[in-house]
Amino acid sequence: MAIIRSLMKTEMITVKPDDSVAEAAGLMAQNQIGAVLVVEGGVMKGIVSERDVVTRVVAERKDPSATKVSEISTEAVVDVDVNTPVRK
């Protein structure tokens, strides 16, 4: 049976809650990905996606350099260990 790790293409890129949205967006662009995990002390606190940046920063005319990732991240995230078996 396959495990989650076998379906992953790359390691996850992370940011800290106090990092700016501009930094997070830069990492997404640099790594050609659509989201980054928000991690603090080795614990996942949330996720920020390109859509979050557009709807919660750009559309509201906030400054991405002055807006913290923690202000726009989605916190209700379900995660699984990379060694979890994939089931039907």
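Heads up, the sequence shown is in our numbering, so the first residue is 136 and it goes up one at a time. Here a beta-carbon is modelled for each residue, glycine too, at the ideal position from N, C-alpha and C.
Mapping the DSSP letters down to three states, classify Glu206 as helix, strand or coil. helix
Buried/exposed call for Val173, threshold 16 Cβ in 10 Å: buried
Short of 6 Å in beta carbon distance, which residues of its chain neighbour Arg196, apart from the five on each side in sequence? Order them along the chain. none
With distances taken between CB atoms, is the gap from Val204 to Val183 smaller than 8 Å? yes
To which residues of the same chain is Ile168 closer than 7 Å at the C-beta, ignoring the five residues directly before and after it? Ile148
If you check the beta carbons only, do Ser155 and Ser208 fall under 8 Å apart? no
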